[in-house]
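Novice: Going by my numbering, the first residue of the sequence shown is number -12, and it counts up by one from there.
The beta-carbon is built from N, C-alpha and C at its ideal position, and this holds for glycine as well.
Bear in mind the structure is a predicted one, so any value in this text is a computation, not a measurement.
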Amino acid sequence: MTSGYGSVVFPDATPLLLEALAQVPNPIGDLVVHMDRPDEAALIERLKGHAVAINNESYFTRTVIEQCPDLRAIVFLGTGYSSYVDVEACAEHGVAVHGVAGYGDRTVAEHAIAMLFAVYRDIPRQDALMKSGGWDGAPIGELYGKTIGLVGFGAIARETANIALALGMRVIVSSRRPVPDNRIRTLDLESLLSEADIVSLHLALNPETLGLLDAARLRRMKRGSILINTARAALLDEAELVAMLDDGHLAGAAIDVYPTEPLPADHPLRKIPNLILTAHTGWQSPEAVGRLVSRAAEIVHAARAG
-12 MTSGYGSVVF PDATPLLLEA LAQVPNPIGD LVVHMDRPDE AALIERLKGH AVAINNESYF
48 TRTVIEQCPD LRAIVFLGTG YSSYVDVEAC AEHGVAVHGV AGYGDRTVAE HAIAMLFAVY
108 RDIPRQDALM KSGGWDGAPI GELYGKTIGL VGFGAIARET ANIALALGMR VIVSSRRPVP
168 DNRIRTLDLE SLLSEADIVS LHLALNPETL GLLDAARLRR MKRGSILINT ARAALLDEAE
228 LVAMLDDGHL AGAAIDVYPT EPLPADHPLR KIPNLILTAH TGWQSPEAVG RLVSRAAEIV
288 HAARAG
């Protein structure tokens, strides 16, 4: 094991990420690799003696930070590191936290639209039914002419808007910043929720957005509408979402992010028929993963240099 400020550990690697790291132009030398996602105690053991850590999806809690005094930098493989890293504890202990922005904007946008198609065309249910010998289907309708409301308008939402516009959809946006596109209307959040046929979430998670879509706001959505969440689970009231799917207020929903990941095998979300689930893979494509690890390697090299 290499020790000192330049020491780098990847405590929760996957074959996909390791394969991509092997292809980067400027590889990370002396990288200590551990496979699979550790629990808190195992993570602490894997981090000890290392100054720089690459984090895929492990929880760097206050306890982890306090128990790893050699740690000086965390490079999170993604943008929303506050969901996985105790940023306040890092600041108190002099640990820099870095994310990787922009690597998967198009990939996540395509995933959001793919989930929308799956809901609207009843694809997962029909596939399961056909493979069990059945013959039936109940598509909701066409996307052409429907109104999609984007909550937040960062880079991923802009890519989503471009795809939606190409499909002939109307696009409305709830955003703090002006939207310089005359094809897109900007509304306040409450108006967007009541007008949109589809609501797609594209917000970062922070104290202002935590629980933003509470029960009252969710109930403002049109009856028969759809909700797509490829952003962060804590943006909305999960219990109310489940209730709205159960009572028919929502025709369907699709989510790629969860309060606890991996989602427990016995989690109630797994049993809801009009809810499509994916395993937080919205960011994954060979192209996006290549960009992600290449940029992460650059950040690691800078962190090692001190």
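For residue 193, which of 282, 117, 220, 171 has the nearest alpha-carbon?
Specialist: Per the Cα distances, 220.
Novice: If distances are taken between C-alpha atoms only, which option among 111, 146, 179 comes closest to residue 162?
Specialist: Per the Cα distances, 179.
Novice: Determine, using beta carbons only, whether residue 30 and residue 276 come nearer to each other than 8 Å.
Specialist: Judged by beta-carbon spacing, residue 276 lies beyond the 8 Å limit of residue 30, meaning their Cβ atoms are not closer than that value.
Novice: Using the three-state DSSP reduction, which class does residue 63 fall into: helix, strand or coil?
Specialist: strand
Novice: Using the Cα positions of residue 294 and residue 157, report the straight-line distance between them to the nearest angstrom.
Specialist: Any answer about residue 294 is impossible in this case: the structure gives the chain only from -12 up to 293.
Novice: Please identify the residue among 218, 50, 139, 203 whose C-alpha is closest to the C-alpha of residue 230.
Specialist: It is 203 whose Cα lies nearest to the Cα of residue 230.
Novice: In chain order, what residues of the same chain have a beta carbon less than 6 Å from the beta carbon of residue 146, not counting five sequence neighbours either side?
Specialist: These residues qualify, in order along the chain: 92, 93, 96.
Novice: Going by the beta-carbon positions, is the gap between residue 262 and residue 223 smaller than 8 Å?
Specialist: no
Novice: Got a sec, what are the start and stop residues for the alpha helix (DSSP H) residue 150 sits in?
Specialist: Judged by DSSP secondary structure, residue 150 falls within the alpha helix (DSSP H) whose first and last residues are 142 to 153.
Novice: Name the DSSP beta bridge partners of residue 42, please?
Specialist: Looking at the DSSP output, residue 42 bridges to 63.
Novice: Which value, in whole angstroms, describes the spacing of the CA atoms of residue 62 and residue 102?
Specialist: 29 Å
Novice: CB-CB under 6 Å to residue -11, same chain, minus the five flanking residues each way: which ones, in chain order?
Specialist: Unreliable positioning characterises residue -11 in this predicted model, as indicated by a pLDDT of 40, which lies under 50. The coordinate reading is nonetheless provided below. Contacts found: 17.
Novice: What residues in its chain sit with their C-beta under 6 Å from that of residue 239, if we drop five residues either side in the sequence?
Specialist: 106, 213, 261
Novice: What do you get for residue 123, buried or exposed, if any count of 16 or more other CB atoms within 10 angstroms of its CB means buried?
Specialist: exposed
Novice: Could you check how far apart the C-beta atoms of residue 181 and residue 206 are, in whole angstroms? I think they sit under 8 Å.
Specialist: Not quite, the Cβ-Cβ distance comes to about 10 Å (not below 8 Å), so this is no contact.
Novice: At which residues does the alpha helix (DSSP H) containing residue -1 begin and terminate?
Specialist: From DSSP, residue -1 is part of no alpha helix (DSSP H) but of the beta strand (DSSP E) over -5 to 0.
Novice: Can you name the start and end residues of the beta strand (DSSP E) that residue 161 belongs to?
Specialist: From DSSP, the beta strand (DSSP E) with residue 161 extends over 157 to 161.
Novice: DSSP beta-bridge partners for residue 216?
Specialist: Beta-bridge partners assigned by DSSP to residue 216: 188, 242.
Novice: Could you give the DSSP three-state label for residue 134: helix, strand or coil?
Specialist: Look at residue 134 here: in three-state DSSP terms it is strand.
Novice: Are three or more beta carbon pairs between the stretch 249 to 257 and the stretch 63 to 83 nearer than 8 Å?
Specialist: no
Novice: Could you check how far apart the C-beta atoms of residue 82 and residue 58 are, in whole angstroms? I think they sit under 8 Å.
Specialist: So it is a contact: roughly 5 Å between Cβ atoms.
Novice: Within the continuous beta strand (DSSP E) that includes residue 223, where are the two ends?
Specialist: No beta strand (DSSP E) contains residue 223, which DSSP labels as neither H nor E.
Novice: Quick check: the Cα distance between residue -1 and residue 170, rounded to an integer number of angstroms?
Specialist: 43 Å
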